[in-house]
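1 is the number of the first residue of the sequence shown in UniProt numbering; add one for each residue after it. C-beta atoms are modelled at their ideal positions from N, C-alpha and C, and glycine is treated no differently.
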Amino acid sequence: MDSTSSYRGPYSMVNLMVTEKDYLKYAQSINKAIVGLECPVKPKHLRFTVVGTFREQGAKTFWSVALRAPYLDDRIVAWKLCYVVHKILREGHPLCLVHSQAHKKELDEMGKLWRHLRGTYSQAIRLYANLLITKIDFHSKNPRFPGNLVVNDDELNSILSNDINNYFEVAVEIFDYLDRIIELQSAIFGPINITQNNSDFLSAADQCLLSPIVLCLQDASKLYDYSVKIMFKLHLTVPGEVISGHRDRFLKAFQELKEFYKRTNRIPYLRNLVTVQHLPNDPPDFFKESEFYSYVTQDVTLPEEGTLSDTSHFSKSTESLDFSYSHHGSNEGTLIDISSLDDEFRGNPFRTDHTLSPSAPIYEQLNFKNETEKDTHTHVENDVELMRGKLDSVVLENQRKTLSLESRILELEAELEEKNRQLTIERQMRESLQKAAVPEVVSNQTGRFGFGEANKITDLYAKLRFDYIEVLRKNGELQKQVFDLKTKLAEKETESFV
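In structure tokens form, the structure reads like this:
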């Protein structure tokens, strides 16, 4: 029996994740990503968790593994779970948004539990859970928005169908979304003393707490951009006083986002992770159409992961040349003098067919070979992970289009089901009327008569129904005549008494 048939997990893995080994490696990465240590999530665990959603084509396995973690007992686990969920909603497979709708209850329960407890993370966990629920609801109502919220102007107009009612409603949903982000960032920055942390170094605890800031900035920048464009559209088509409430909410969000961006830029640690452009001093004037054409989208950019990966590999390779091995008989901790190595070796330090100087013991030669092989293996693994990430990015657009088509198919199937249900109800009502009109004919003849006899029964029923209606009409006329006669009789009797 192969490994695929022996696996009986809660969800069957599909596509590239088809073996039990793949599942266990994926589950291990998820558990390591949300481990209860107060430190930031390691990028490799986060990256493998995101890539796993593409291999599985969804988030069912992620949720089945993540919900086994003690997120109701450990505040760090709960915090990291929120962060990883936010990450897969933004960058994971498009179906992560669909599959996560079934787990809003768990997020809500987690937020309500930690709301009643004290501590740095308690209120932040509640607000983060609210943000995730709001994000899931937003994409449920607007399924054509991808998880990372990146659409161009033509796609935005297409999503809103150029319908002013849609612009009005989506603006409200965007402002609600921004409110949740602003509440969360305020809770995160609150416990951190920015004046004391005005350096490149932050403790692991502070880095753990600040982890969601980058994701919040990415969401907020896109939402702000779309809110500006939607507000200009509304002011071009709707009287200003009608949308004064929208305008007030935008101005409030503008001021709070500007402060959010300033806080981020005051911390060097965050400036190394993300580049945020400052918002203008004054908000856009939506009554001036010219400002729309001069409006510039405020982008949030991240450093290129490939560059960081290459730099990291170079550092590791350089460290391997320090040779922290001690000579036999020398003082402990003394570095090896590599000046005795020949020029050819120093010109190509990664070749494994060279040996150290004759004075170096055999174990040093073996250790050096193992180090270089380990570095080469690490470099290959990094290249493979980078290629996988590029492959997933290439297919993401096609998968998003597929999801849109699947959503449309589901809508059509629902409409068809509703039509069938209505037809069934109408058929049942007709049969009930037929049975009520000619019970004996229907009960005695149904088993023996064919289609022609059924038509005769239907005609008979129609004739009886017409006759019945005619009788009711004549009965009404007779009652009216009787009433008129009684009225005239009463008048005659009154006149006779007079």
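Taking the beta carbon of residue 190 as the centre, do at least 16 other beta carbons fall within 10 Å, making it buried, or is it exposed? As a first step, residue 190 must be located in the sequence shown, where it is residue number 190. With fewer than 16 other Cβ atoms from the protein chains shown falling within 10 Å of its own Cβ, residue 190 counts as exposed.
Closest by C-alpha distance to residue 85, when choosing among 163, 50 and 208: Counting from one through the sequence shown, the residue named residue 85 turns up at place 85. Looking from the CA of residue 85, the closest CA among 163, 50 and 208 belongs to 50.
In angstroms, rounded to a whole number, what distance separates the CA positions of residue 144 and residue 233? By one-based count along the sequence shown, residue 144 stands at place 144. By one-based count along the sequence shown, residue 233 stands at place 233. Their Cα atoms are separated by approximately 20 angstroms.
Please report the distance separating the alpha-carbon of residue 61 from that of residue 78. On the sequence shown, position 61 is the one that residue 61 refers to. On the sequence shown, position 78 is the one that residue 78 refers to. When rounded, the distance between both Cα atoms is 18 angstroms.
Measure the C-alpha to C-alpha separation of residue 281 and residue 99 and round it to an integer number of angstroms. Locating residue 281 in the sequence shown gives position 281, where the first residue counts as 1. Locating residue 99 in the sequence shown gives position 99, where the first residue counts as 1. Looking at the two C-alpha atoms, the distance is approximately 41 angstroms.
Counted within 10 angstroms of its Cβ, other Cβ atoms place residue 43 as buried (16 or more) or exposed: The residue labelled residue 43 in the question sits at position 43 within the sequence shown. Under this definition residue 43 is an exposed residue.
For the alpha helix (DSSP H) containing residue 219, list its first residue and its last residue. For the purposes of this step, residue 219 is taken as residue 219 along the sequence shown, with counting starting at 1. Per DSSP, residue 219 belongs to the alpha helix (DSSP H) from 213-237.
Secondary structure of residue 77, DSSP reduced to three states: If you number the sequence shown from 1, residue 77 lands on position 77. Residue 77: helix per DSSP, three-state reduction.
Does the Cβ-Cβ distance between residue 45 and residue 25 come in under 8 angstroms? Position 45 of the sequence shown, counting from 1, holds the residue named residue 45. Position 25 of the sequence shown, counting from 1, holds the residue named residue 25. Taking 8 angstroms as the Cβ cut-off, residue 45 and residue 25 do not qualify as a contacting pair.
Span of the alpha helix (DSSP H), counted from its first residue to its last, around residue 255: In the sequence shown, the residue the question calls residue 255 occupies position 255. Note, residue 255: alpha helix (DSSP H), 244-265.
Using a Cβ-Cβ cutoff of less than 8 angstroms, which residues in the same chain neighbour residue 65 once the five nearest sequence positions on both sides are dropped? One-based indexing of the sequence shown puts residue 65 at position 65. Excluding residues up to 5 positions away in sequence, 26, 27, 30 and 31 lie with their Cβ nearer than 8 angstroms to the Cβ of residue 65 in the same chain.
Per the contact definition of three or more C-beta pairs closer than 8 angstroms, is the stretch 240-247 in contact with the stretch 273-280? no
Considering Cα atoms alone, identify which of 92, 201 and 162 is closest to residue 147. Reading the sequence shown from its first residue, position 147 is the one you call residue 147. Closest by alpha carbon: 92.
With respect to the alpha helix (DSSP H) encompassing residue 208, which residues constitute its N-terminal and C-terminal limits? Here residue 208 is taken as the residue at index 208 of the sequence shown, counted from 1. Note, residue 208: alpha helix (DSSP H), 204-210.
Using 8 angstroms for Cβ pairs, my map puts residue 82 next to residue 208. What's the rounded Cβ distance? As a first step, residue 82 is located in the sequence shown; it is residue number 82 there, counting from the start. As a first step, residue 208 is located in the sequence shown; it is residue number 208 there, counting from the start. Actually they are not in contact, since the Cβ atoms of residue 82 and residue 208 sit about 12 angstroms apart, beyond 8 angstroms.
Residue 184, enclosing alpha helix (DSSP H) - first and last residue: As a working note, residue 184 is residue 184 in the sequence shown. Run containing residue 184: 164-189, per the alpha helix (DSSP H) assignment.
With distances taken between CB atoms, is the gap from residue 124 to residue 187 smaller than 8 angstroms? Translated into positions along the sequence shown, residue 124 becomes position 124. Translated into positions along the sequence shown, residue 187 becomes position 187. Against a cut-off of 8 angstroms, the Cβ pair of residue 187 and residue 124 comes out as a contact.
Tell me which residues share the same chain as residue 270 and place their Cβ nearer than 7 angstroms to its Cβ, disregarding the 5 neighbours each side in the sequence. By one-based count along the sequence shown, residue 270 stands at place 270. Contacts found: 210, 213 and 264.
Pair every Cβ in the stretch 175-182 with every Cβ in the stretch 218-228, then say whether three or more of these pairs are closer than 8 angstroms. yes
Whole angstroms are fine: how far does the CA of residue 284 sit from the CA of residue 228? Position 228 of the sequence shown, counted from the first residue, corresponds to residue 228. Position 284 of the sequence shown, counted from the first residue, corresponds to residue 284. Those two C-alpha atoms are separated by around 8 angstroms.
Rounded to whole angstroms, what's the CA-CA distance from residue 96 to residue 68? Just pull it up for me. What you label residue 96 is simply residue 96 of the sequence shown in a count that begins at 1. What you label residue 68 is simply residue 68 of the sequence shown in a count that begins at 1. Rounded to whole angstroms, the separation of the alpha carbons of residue 68 and residue 96 is 18 angstroms.
Leaving out five residues before and five after residue 494 in sequence, what residues of the same chain have Cβ atoms less than 6 angstroms from its Cβ? For the purposes of this step, residue 494 is taken as the residue at position 494 of the sequence shown. No residues qualify anywhere along the chain.
Tell me whether residue 290 counts as near the ligand ADP, meaning its Cβ is closer than 7 angstroms to at least one heavy atom of that ligand. Among the components of this structure there are no ligands whatsoever, and the ligand ADP is therefore not found.
Opening and closing residue of the alpha helix (DSSP H) in which residue 121 lies: As a first step, residue 121 is located in the sequence shown; it is residue number 121 there, counting from the start. Segment: none, residue 121 is in no alpha helix (DSSP H) and carries neither H nor E.
Per DSSP, residue 275 forms a beta bridge with which residues? Here the question's residue 275 lines up with position 275 in the sequence shown. 301.
Note down the Cα distance separating residue 368 from residue 302, rounded to an integer number of angstroms. Within the sequence shown, residue 368 is the residue found at index 368, counting from 1. Within the sequence shown, residue 302 is the residue found at index 302, counting from 1. Here the model assigns residue 368 a pLDDT of 49, short of 50, so the residue's position is not dependable, and the following value carries that caveat. If I take the Cα positions, the gap works out to 36 angstroms.
Can you name the start and end residues of the alpha helix (DSSP H) that residue 26 belongs to? The sequence position of residue 26 within the sequence shown is 26, counting from 1. 20-33 is the span of the alpha helix (DSSP H), which, as asked, contains residue 26.
Taking residue 136 and residue 260 to be in contact with their CB atoms under 8 angstroms, please state how far apart those CB atoms are, rounded to whole angstroms. Position 136 of the sequence shown, counted from the first residue, corresponds to residue 136. Position 260 of the sequence shown, counted from the first residue, corresponds to residue 260. Their Cβ separation, rounded to whole angstroms, is 22 angstroms, which puts residue 136 and residue 260 out of contact at 8 angstroms.
Answer with buried or exposed for residue 297, where buried requires no fewer than 16 other C-beta atoms within 10 angstroms of its C-beta. The residue you call residue 297 lines up with position 297 of the sequence shown. Label assigned to residue 297: exposed.
Pick out whichever of 155, 89 and 75 has its Cα sitting closest to the Cα of residue 117. The residue given as residue 117 occupies position 117 in the sequence shown. Residue 75 is the option with its Cα nearest to residue 117.
Out of curiosity, what's the CA-to-CA distance linking residue 491 and residue 429? Position 491 of the sequence shown, counted from the start, is the residue given in the question as residue 491. Position 429 of the sequence shown, counted from the start, is the residue given in the question as residue 429. Answer to the nearest angstrom: the Cα atoms are 49 angstroms apart.
Residues near residue 80 by beta carbon distance below 7 angstroms, same chain, minus five either side: Against the sequence shown, residue 80 aligns to sequence position 80. Excluding sequence neighbours, residue 80 sits near 33, 34 and 41.
Span of the alpha helix (DSSP H) around residue 291: Taking the first residue of the sequence shown as 1, we reach residue 291 at position 291. Looking at the DSSP string, the run of the alpha helix (DSSP H) that includes residue 291 is 289-294.
Out of 421, 174, 114 and 487, point me to the one whose CA is closest to residue 138's CA. In the sequence shown, counting from the first residue as 1, residue 138 sits at position 138. When each option's Cα is compared against that of residue 138, the closest is 174.
Complete beta strand (DSSP E) runs within the stretch 45-69 (minimum length 3 residues, chain order): Runs found: none.
When we look at the beta-carbon of residue 58 and count the other beta-carbons within 10 Å, is it buried (16 or more) or exposed? Numbered from its first residue, the sequence shown carries residue 58 at position 58. So residue 58 counts as buried.
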